[in-house]
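Asks: Chains as they are written, first to last, in my numbering: chain A, 93 to 423; chain L, 2 to 276; chain V, 10 to 298. All C-beta atoms, glycine included, are put in the ideal place defined by N, C-alpha and C. Small disclaimer: the values here were computed from a predicted structure and weren't measured.
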Amino acid sequence: MGTVELDGVGKSFGEVEVLRDIRLDIAEGEFCVLVGPSGCGKSTLLRLIAGLEEVSAGRIRIAGRDVTALESYDRGLSMVFQSYALYPHMSVRENIAFALETARLPRAEVARKVAEAARMLRLEPLLDRRPSDLSGGQRQRVAIGRSIVREPAAFLFDEPLSNLDASLRAETRIELAALHRKLGTTMIYVTHDQVEAMTLADRIVVLNAGRIEQVGPPADLYERPATEFVATFLGAPSMNLVRGAAAEAEGAETLGIRPEHLRADPSGPWTGTVAHVEYLGVDTIGYVDVGEIGRLALRLPGRAPMVPGETLTLGYDPGTLHRFRAGLRIG
Amino acid sequence: MKLHSVLRWAVFAVAAFVMNFPILATLVTALKPPGEVTRNPSLWIESPTLENFAIVLTVSDRLNIYAYLFNSLTAALIGAILPILLCFPVAWALARRGTGRAVLFPLVVNLRALPLIIFAIPLYIMYATLGLLDTRVGLGLILAVVNLPLAFLLIVNAIQAIPLELEEAARMDGARLPRILRRVVLPLCRPAFLTTFIFGFITAWNEFLFGLMLTTQKAVPVTVGASFFFATSGGGVQWGVAAAVMIVAALPPLVLGVVMYRRIGGSMLGGAVKG
Amino acid sequence: MPRHTRRETAVLAAPLVLFLLAILGFPVILSVVYGLSETTFQTLRSPSFTGLDNFSRVIADDRFWQAAWFSLRFGVITAVLQCALGLFLAVYLAPLIARHGWTVAVLIMPMVVAPAMMGLMYRLSLHEFAGPIPHYMWQWFGWSPAFLNARNVFATVVVAETLQWTPFAFLLLLAAYQTLPRDVAEAARVDGTRPWRLFWKIELPLLMPTLWIALFIRFIDGFRVFDNIYTLVGSGPGGITTSMSIYIYEAFLRQGDIGRALAAAILLFGAAFTLLSLAQRLGRRRRAA
Ligand SMILES: Nc1ncnc2c1ncn2[C@@H]1O[C@H](COP(=O)(O)OP(=O)(O)OP(=O)(O)O)[C@@H](O)[C@H]1O
Ligand SMILES: [Mg+2]
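(1) Under a three-way DSSP split, which group does Ser227 (chain A) fall into?
(2) So for Glu305 (chain A), helix, strand or coil by DSSP?
(3) Does at least one heavy atom of ligand 1 sit under 6 Å from the Cβ of Gly131 (chain A)?
(4) Using the DSSP secondary-structure output, state which residues sit across from Ala389 (chain A) in a beta bridge.
(5) DSSP beta-bridge partners for Trp362 (chain A)?
(6) Within 10 angstroms of its Cβ, does Asn65 (chain L) collect 16 or more other Cβ (buried), or is it exposed?
(7) To the nearest angstrom, how far is the alpha carbon of Asn21 (chain L) from that of Ala99 (chain V)?
(8) Mind checking whether the beta-carbon of Phe325 (chain A) lies closer than 6 Å to any heavy atom of ligand 1?
(9) So that I know if they touch, is there some Cβ in chain A lying closer than 7 Å to that of Ala162 (chain L)?
(10) Span of the alpha helix (DSSP H) holding Met217 (chain V)?
(11) If you measure from the CB of Val172 (chain A), is any heavy atom of ligand 1 nearer than 6 Å?
(12) Hey, does Ile46 (chain L) have any beta-carbon neighbour from chain C nearer than 7 Å?
(13) Can you confirm whether the region 199–215 of chain V touches the region 113–129 of chain V when touching is taken to mean that 3 or more C-beta pairs between the two stretches lie within less than 8 Å?
(14) Check Ser70 (chain V) in the structure and name its three-state DSSP category.
(15) Please confirm whether Ser234 (chain L) has its beta-carbon closer than 7 Å to some beta-carbon of chain A.
(16) Should Trp152 (chain V) go down as buried or exposed, given a rule of 16 or more other Cβ atoms within 10 Å for buried?
(17) CB Arg242 (chain A) to CB Leu253 (chain A), shorter than 7 Å?
(18) Against chain V, does Val57 (chain L) count as a neighbour if the rule is that its beta carbon must be under 7 Å from one of theirs?
(19) Using a beta-carbon distance cut-off of less than 9 Å, what residues from the region 78–100 of chain V approach chain L?
(20) Does any CB atom of chain L fall closer than 7 Å to the CB of Thr452 (chain A)?
(21) Say whether the region 72–84 of chain V touches the region 131–140 of chain V, bearing in mind that this needs 3 or more beta-carbon pairs closer than 8 Å, one atom from each stretch.
(22) Answer with buried or exposed for Asp236 (chain V), where buried requires no fewer than 16 other C-beta atoms within 10 angstroms of its C-beta.
(23) With DSSP as the reference, please indicate the residues paired to Ile114 (chain A) in a beta bridge.
(24) Just to make sure I have the definition right: I need the residues of chain L whose C-beta is within less than 7 Å of the C-beta of Ser55 (chain V). Which are they?
(25) Find the nearest neighbour of Trp45 (chain L) within the set L:Glu52, L:Ile56, L:Thr27, judged by alpha-carbon distance.
(26) Could you give the residue range of the alpha helix (DSSP H) that holds Tyr145 (chain V)?
(27) How big is the Cα-Cα spacing for Lys205 (chain A) and Tyr176 (chain A)?
(28) In three-state terms, what does DSSP make of Arg264 (chain L)?
(29) Are the C-beta atoms of Pro35 (chain L) and some chain A residue less than 7 Å apart?
(30) Is the CB of Pro23 (chain L) under 7 Å away from at least one CB in chain V?
(31) Return the chain-ordered list of same chain residues with a C-beta closer than 8 Å to the C-beta of Phe321 (chain A), the five sequence neighbours on each side being excluded.
(32) Any residues in the region 174–205 of chain L with a beta carbon nearer than 9 Å to a beta carbon of chain A? Which ones, in chain order?
(33) Using alpha carbons as the reference points, say which of A:Ala149, A:Phe190, A:Gly373 lies closest to Arg177 (chain L).
(34) With a threshold of 6 Å (Cβ to nearest heavy atom), would Thr283 (chain A) be considered close to ligand 1?
(35) At 4 residues or longer, and completely inside the region 146–192 of chain A: list those alpha helix (DSSP H) runs for me, N to C.
(36) Starting from Met127 (chain V), trace the alpha helix (DSSP H) both ways and give me its first and last residue.
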């Protein structure tokens, strides 16, 4: 029942076309993550699904029902906003109960559902507080609580963790994954954060300039990116791209190789000077300037003995190469 | 540094004394017994008394201050509350959908700048036809017009300051417009309503021209009533009683203004800058 | 906009629009009808059409032009005085106010008193037998001017209006002054700028927009003055304090010349409207620049 189908959806603001011909079927219970550079239209797409904006083209179906012409209040979805958008004049309890009261549920039922959500999200001690008296993480949980009580066909999240600090973000990410396992409801999730995308998603949708670049499970996207854009967008530091003679030698216009697939190898083809080293604890990132080819990043496990100014020869296993022509993957 | 601080207090004291002098003089006069006023017009009271206030607050055939006060109160309440009721829905439509940006908004806001006398005469004729002359409701209605511009401005500003996401969240929660307005927008506008009400009440209470022209007996507001008191006594004005009437008439807005002065300053800027 | 949204918007706008139509739209029509007719209170329901006769009578009336000149002068002078005083008080007292907020409440008291009451209070304060001001003049200087005679009355009403409404300019400018970006002043001070120079070169330019608004509002209110002049001196000795509003009021209620009063009101409306459009165009250009 919680499927979301986008059929040729497009959106223009006046002259500016922000989204073009988006086709996407999201399965019941799927955790679908939208990623892409800033301004590519992620939020807009989410708002189209939510019914907060009207589509300029195409149809949207939710649970098999065409909702294109419906207002958001008739679509049976719920949304967690980046700013949380908690009602500042209502207590936590009233915030969570608002949707249920709007639906005119009997009082006992409202109380029961609010209590259940509060228990699940550990909000019980906070129920009578105002949002202004809560910490960022608590507000975030209230926002989630407010959306789960409606038992929506699908959840929409617009960068819900971006206002939290790093450790809280990691914690909440895990809770979200657990919540999804427990509820089994379809989730559509917009984020900037690659780690969130990789860890949470059943499927990732990479958007670029209003179009879908690639859709697939995280591993597929990482291991077999369909375009140069996807290849460089996922992964940090991003994939090294090599053009020119070295690429032609491997039968490609552009050659891609991930930093972790480069290694120090005296018999390797590329020799250069180490320009900069970043030691991150688990691993060490080195940036090596290799003449014509340009700067390559490599990732070595643990604390690798690399120093700026040192000459280094790099090699790789041919099986780890990605080959692109005209921006698209070949082979 | 120290000298400047003393100088500032001095400037404050002089400004406060000079600007408030008539109020002070009136208060002093009101506290003097009848014989003393013309014999000793100074600010020093030889034998302070509340006699004048006692006379004012006792109903007599010359003066029923309660009737005046009641007229002022009723008309000022209508004049302060009605604009809020009228402006709230359309202010939302303006802030969120741009309704009336071209004509209605400038029209209403510019009312502030028009001499009130322009409305008074045609209204007199209209009220005469409708039987609204000398009624509290009639007076309240036109006071509402006087307060419309500021009410509209302040409420539009308040709605624009509410994050749009709150309304979107309510829509996602299944609420339609009436419920969004009642449960989300309206509660968040309460501070603006209070400010609007205070301004409106003070303005309406203090209004004189319409009271003078549109009322004669039954609905006379206290500002006009107090001036009758000056005129009717002819040559021999009873200064003490007249002063006491004025103090009583001026007290409600004075108290409101002094208690709420913080609110008045900030929102005056908001009201003026956008307008 | 979808149809149901349009309907919603119409419902939202309806209360205000209907109210305005009822209470202003109808009178506008009445104004035009009666402005073009001869009417007295006895013939209120049967105006007889006389074309532009009322207008030519108004334009030919010297007292109308005197009233216009009075209002204009009064508006400009009081607005300038109030804004100058208000600016001085706001800027000079700001440090005091920052620590003792209640001082503001004392300074704004005059503006929350009804202007009509204030006129009466001045009448009392200036009264030659009961008023403290003449009393002290005599006591200290052995002499007191006749505040309300033909020579002095203009100055008297100007001072009365100024003292009552300086708080308005003060409050507006104070609010603006308090929201000036602190870092600008601090940067200037660190750069060695003296207070006086800081005011002229940095704070005053930043306050200019608010100052223009204050001047404009005060001018408008001075121009349309009625209450305090009316209760203090009426139209004054020989009618020299007849403002536009008082002129129209007297034509209407004293002389019962409804047609002439309305014609004058329509002319006044035209003038105010022109002025307003002009001011707004200027304001827009200033903001755009
Ligand atoms: N209401 C609007 N009117 C006009 N243009 C808009 C509107 N909303 C969004 N846009 C434009 O549409 C484009 C996509 O915006 P959107 O907010 O969807 O991007 P995003 O992918 O969510 O970006 P971010 O990662 O920064 O949140 C942007 O260029 C933006 O300027
Ligand atoms: Mg976004």
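Replies: Per the coordinate set shown:
(1) coil
(2) strand
(3) yes
(4) A:Tyr379
(5) A:Leu406
(6) exposed
(7) 17 Å
(8) no
(9) no
(10) 213–232
(11) no
(12) Among the protein chains of the structure shown, namely A, L and V, there is no chain C.
(13) no
(14) Inspection of the sequence shows that residue 70 (chain V) is occupied by Asp rather than by Ser. The answer is coil: DSSP assigns Asp70 (chain V) none of H, G, I, E or B.
(15) The predicted position of Ser234 (chain L) is uncertain, since its pLDDT is 48 and thus under 50; a value taken from the coordinates is nonetheless stated next. Answer no: the Cβ-Cβ gap between Ser234 (chain L) and chain A never drops below 7 Å.
(16) exposed
(17) no
(18) no
(19) Ser80, Leu94, Phe97, Leu98
(20) Outside the modelled stretch of chain A, which goes from 93 to 423, sits residue 452 (chain A), for which no answer is possible.
(21) no
(22) buried
(23) A:Val101
(24) Within chain L, no residue comes near Ser55 (chain V); the closest Cβ sits about 12 Å away, beyond 7 Å.
(25) L:Thr27
(26) 141–150
(27) 20 Å
(28) helix
(29) no
(30) yes
(31) Val298, Asn300, Glu305, Gly419
(32) Asp174, Gly175, Ala176, Arg177, Arg180, Arg184, Val185, Pro188, Leu189, Arg191
(33) A:Phe190
(34) no
(35) none
(36) 124–135
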